[in-house]
Amino acid sequence: MNDLRVPIGIFFAIVGILLVTAPSARAPLTEVPVNLYAGSSMLLFGGAMLWLARRKS
Amino acid sequence: MRLEFIDYAILALYFVFVLAIGFMIRRRVQSSEDFLTSGRSVPVWITSLAFLAANLGAQEVVGMCASGAKYGLMTAHFYWLGAVPAMMFVGVFMMPFYYGSRARSVPEYLKLRFDEKTRVLNAASFAVMTVFSSGVSMYALGKLFQLVLGWDFTSSVFLSAAIVLAYTFLGGLTSAIYNEVLQFFLIVLGFAPLSILAVMKAGGWPGLASRLPPVMTHIWEYAGTSRDNPMGVEAFGLVAGLGFVLSFGYWCTDFLVVQRAMAANSMSAARRTPLVAAFPKMVIPFIVILPGIAAVALSHMNLGYALPPKDGGLDYDQALTTLMAKFYPSGLLGVGLTALMASFMSGMAGNVTAFNAVFTYDLYQGHIRRDAPDRHYLWVGRAATVGGVALSIAAAYLAQHYNNIMDVLQLVFSFVNAPLFATFLLGMFWKRSTGHGAFTGLLAGTAAAAATHGLTLAEGKGGWIATVHQFPSTMAQNFWIAIFAWSTCFVTTIAVSLATAPKPETELHGLVYGLTEIPHDPEEPWYRRPGPLAVIVGVALIILNIIFW
Chain R
28 MNDLRVPIGI FFAIVGILLV TAPSARAPLT EVPVNLYAGS SMLLFGGAML
78 WLARRKS
Chain L
16 MRLEFIDYAI LALYFVFVLA IGFMIRRRVQ SSEDFLTSGR SVPVWITSLA
66 FLAANLGAQE VVGMCASGAK YGLMTAHFYW LGAVPAMMFV GVFMMPFYYG
116 SRARSVPEYL KLRFDEKTRV LNAASFAVMT VFSSGVSMYA LGKLFQLVLG
166 WDFTSSVFLS AAIVLAYTFL GGLTSAIYNE VLQFFLIVLG FAPLSILAVM
216 KAGGWPGLAS RLPPVMTHIW EYAGTSRDNP MGVEAFGLVA GLGFVLSFGY
266 WCTDFLVVQR AMAANSMSAA RRTPLVAAFP KMVIPFIVIL PGIAAVALSH
316 MNLGYALPPK DGGLDYDQAL TTLMAKFYPS GLLGVGLTAL MASFMSGMAG
366 NVTAFNAVFT YDLYQGHIRR DAPDRHYLWV GRAATVGGVA LSIAAAYLAQ
416 HYNNIMDVLQ LVFSFVNAPL FATFLLGMFW KRSTGHGAFT GLLAGTAAAA
466 ATHGLTLAEG KGGWIATVHQ FPSTMAQNFW IAIFAWSTCF VTTIAVSLAT
516 APKPETELHG LVYGLTEIPH DPEEPWYRRP GPLAVIVGVA LIILNIIFW
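Just so you know, the sequences run in chain order R and L. In terms of our numbering, the first sequence is residues 28 to 84. In terms of our numbering, the second sequence is residues 16 to 564.
In structure tokens form, the structure reads like this:
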């Protein structure tokens with residue numbers, strides 16, 4: 028495993044899944060489901076990294 | 016601020032990954048050059064993100080947010096006037112000499128170009144400085160976590176230092192660089208939501224602009240005279256001091272960042288490293304400065320948010336963490352804190368890996384043991400890594416107990432750094448400049464910096480010789496110290512060079528403009544050539560400056 032995109036992709040995919048599936052906590056100053064949005068973008072980013080790494084190999 | 020299980024889980028996951036990357040790289044390290052210079056093997060997308068991340072330490076992130084709250088958008092000058100033009104210059108004009116000389120460090124370039132004493136002056140001050148600055152940022156991190164989370168100072172300092180030590184010890188520079196890329200993405204993805212949420216809450220950009228005095232949302236409009244802006248600077252000091260001397264001095268000569276570009280796998284990649292890095296660099300103010308500006312607007316809105324008070328004013332350094340507490344629910348809060356930890360680690364690993372290379376090649380191999388087998392230098396490099404981390408921890412405790420000493424030391428370092436860019440500029444572009452000239456110029460520049468500080472007063476700082484001038488702010492004072500130091504070094508180096516014997520031209524090939532073949536790679540597509548990239552960066556930069564004028 029020498030392609031840096033693999034560990035980065037896995038890391039953000041895991042963090043993304045953790046955030047998306049986390050019990051819906053609310054922050055004091057916002058009504059936006061922050062965890063859901065940030066989590067899905069990280070999942071997407073992680074997935075894109077893994078896809079790029081896979082495409083190359 | 017209270018953390019839940021999920022926040023700790025994310026932080027722990029991050030620790031596992033940085034260590035895993037260290038182990039993954041470990042097998043690649045066979046020689047001292049693999050360990051200390053990455054064996055010139057790293058692809059350009061990685062070196063350019065590492066180039067940014069090594070500078071994006073926790074102090075930078077927290078400090079830029081604080082300056083955003085204190086000075087407003089003018090803080091972006093550190094990026095749009097300072098860093099980016101300097102990055103264009105180092106990529107297009109200077110990297111051919113750094114990379115082409117095959118020097119393994121910036122001080123080693125000085126040795127090849129000038130002489131041994133110039134190298135030692137630069138190497139020794141750099142080595143001491145990196146250790147202290149990593150200690151100071153470690154102290155800042157320990158204090159921040161103590162304040163915000165109630166974590167024990169000693170535990171957070173030792174835990175973070177141990178992890179940085181582990182991965183830099185295992186994989187050396189490559190491991191530090193690879194982790195900096197992970198850290199860079201974490202910093203961006205961890206802080207960007209904060210910026211978006213805070214600005215949205217304040218009513219978007221129009222809302223921000225209507226709630227704040229106009230000086231907070233413009234970069235040039237109020238820069239004409241020092242009375243008109245909270246920075247207390249005027250356009251000339253800003254452009255010459257920050258935009259030219261300080262920024263070019265840092266981005267073009269500081270081995271911490273230049274080392275990342277020198278690790279690239281080809282000359283073309285080394286030159287493109289700062290240019291590719293310039294694109295994200297231009298966007299970073301929106302992530303780190305904007306939340307600070309939004310924090311001020313939010314405090315005027317009766318939302319139950321206010322910047323905490325400190326010594327009769329406001330504690331701007333807490334802008335970032337107080338916003339996180341208000342906008343991040345547990346989960347993303349863990350990501351935000353992990354991003355803060357990551358920014359600290361990228362800065363510290365940057366310092367440690369620059370320190371061990373300079374110590375091993377410039378001080379140890381240059382002066383203690385010259386002709387040992389490479390295995391020995393690999394060993395010394397690893398030992399210097401451990402030593403660098405240990406000294407950083409010691410410096411963190413020194414900062415905790417003797418804050419004044421650290422202030423004095425940082426001041427002295429700023430005097431030493433201020434003239435550096437004049438030396439490199441003359442060294443690379445004027446073949447007549449000599450070692451004696453460079454050395455005297457550096458000393459004279461440092462003396463001029465100290466004298467300027469001693470003769471001027473700003474916010475109660477300086478003036479320890481006499482007061483011949485008062486600056487409206489310490490920032491203006493710093494810019495002018497830099498201007499005087501640079502000019503003195505520039506003039507002295509020229510004068511002494513003309514009076515001393517030049518280095519024979521045969522010894523200057525690959526080191527000076529005019530005696531070095533500048534690569535043009537015409538067969539490469541335009542987006543892989545430094546010139547066109549620099550033009551695009553320049554145009555984007557001008558557009559940004561006009562939009563936020």
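Glycine included, every Cβ here is placed at the ideal spot set by N, Cα and C.
For T515 (chain L), the secondary structure class from DSSP, reduced to helix, strand or coil, is coil. Residues of chain L with a Cβ closer than 7 Å to the Cβ of A80 (chain R) do not exist; the shortest Cβ-Cβ separation is about 12 Å.
For the C-beta of I25 (chain L), the chain R residues within less than 7 Å are, from N- to C-terminus, V42, L45.
For L261 (chain L), the closest of L:F499, L:G349, L:P547 by C-alpha to C-alpha distance is L:F499.
For the 8 Å CB-CB criterion, L159 (chain L) and V77 (chain L) form a contact. For T133 (chain L), the enclosing alpha helix (DSSP H) stretches over residues 131 to 164. In the structure shown, the three-state DSSP call for P324 (chain L) is strand. Under the 8 Å Cβ criterion, the segment 443 to 456 of chain L counts as touching the segment 498 to 514 of chain L, having at least three qualifying pairs.
Taking the C-beta atoms as reference points, A73 (chain L) is found no nearer than 8 Å to G351 (chain L). Within chain L, no residue has its CB atom less than 8 Å from the CB of A75 (chain R), the nearest being about 11 Å off. Against chain L, the CB of L56 (chain R) has a partner CB under 8 Å away; the residue lies at that interface. Measuring C-alpha to C-alpha distances from D30 (chain R) to each of L:G258, L:H484, L:V57 identifies L:V57 as the nearest. Exclusion of the five residues before and after L136 (chain L) leaves F454, L457 as the residues of its chain whose Cβ lies within less than 7 Å of its Cβ. Cβ atoms of A142 (chain L) and L378 (chain L) come within 8 Å of each other, at about 7 Å.
The Cβ atoms of I44 (chain R) and L28 (chain L) lie no closer than 8 Å to each other. In terms of Cβ geometry, L18 (chain L) and S345 (chain L) form a close pair [threshold 8 Å]. Selection L:F436, L:V311, L:V552, L:A278 evaluated against V214 (chain L) yields L:V311 as nearest (Cα-Cα). At a beta-carbon threshold of 9 Å, none of the residues of chain R lie near F30 (chain L); the nearest stands roughly 11 Å away. Cβ-Cβ distances below 6 Å link L441 (chain L) to S448, T508 in the same chain, with the five nearest sequence neighbours on each side left out; the list follows chain order. Membership of T336 (chain L) in the alpha helix (DSSP H) is indicated by the continuous run 334 to 342. At a C-beta separation below 7 Å, L31 (chain R) has these neighbours in chain L: I61, Y193, V196.
Out of L:A555, L:P540, L:L88, L:I40, the CA that lies nearest to the CA of I302 (chain L) is found in L:L88. For the alpha helix (DSSP H) assignment, the uninterrupted runs of no fewer than 4 residues enclosed by the segment 184 to 228 of chain L are, from N- to C-terminal side, 219 to 226. H468 (chain L) sits in a helix when the DSSP states are folded into three classes. If the five residues before and after L164 (chain L) are omitted, its C-beta is found closer than 8 Å to the C-beta atoms of M16, L18, L352, all from its own chain and listed in chain order.
Taking a Cβ-Cβ cut-off of 9 Å, the neighbours of Y320 (chain L) in chain R comprise P55, L56, given in sequence order. For V291 (chain L), no CB of chain R lies under 8 Å from its own CB, so it is not counted at the interface with that chain. Chain R has no Cβ within less than 8 Å of the Cβ of S262 (chain L). Just measuring C-alpha positions, the residue of L:M153, L:F184, L:A181 sitting nearest S171 (chain L) is L:M153.
Approximately 10 Å separates the beta-carbon atoms of T145 (chain L) and A372 (chain L); this is outside 8 Å, ruling out the contact. Boundaries for Q45 (chain L): no beta strand (DSSP E) harbours it, and the DSSP string shows neither H nor E there. An exposed status is given to Q45 (chain L), since fewer than 16 other beta-carbon atoms sit within 10 Å of its beta-carbon. Positions of the alpha helix (DSSP H) runs, each at least 4 residues long and wholly inside the segment 264 to 312 of chain L, are given as 270 to 277, 282 to 303 in order along the chain. L26 (chain L) has its alpha-carbon roughly 30 Å from the corresponding atom of F93 (chain L).
Think of a sphere of 7 Å around the beta carbon of Y343 (chain L): the chain R residues whose beta carbon falls inside it are A54, V61, in chain order.
In the DSSP assignment, H484 (chain L) falls within the beta strand (DSSP E) that extends over 484 to 486.
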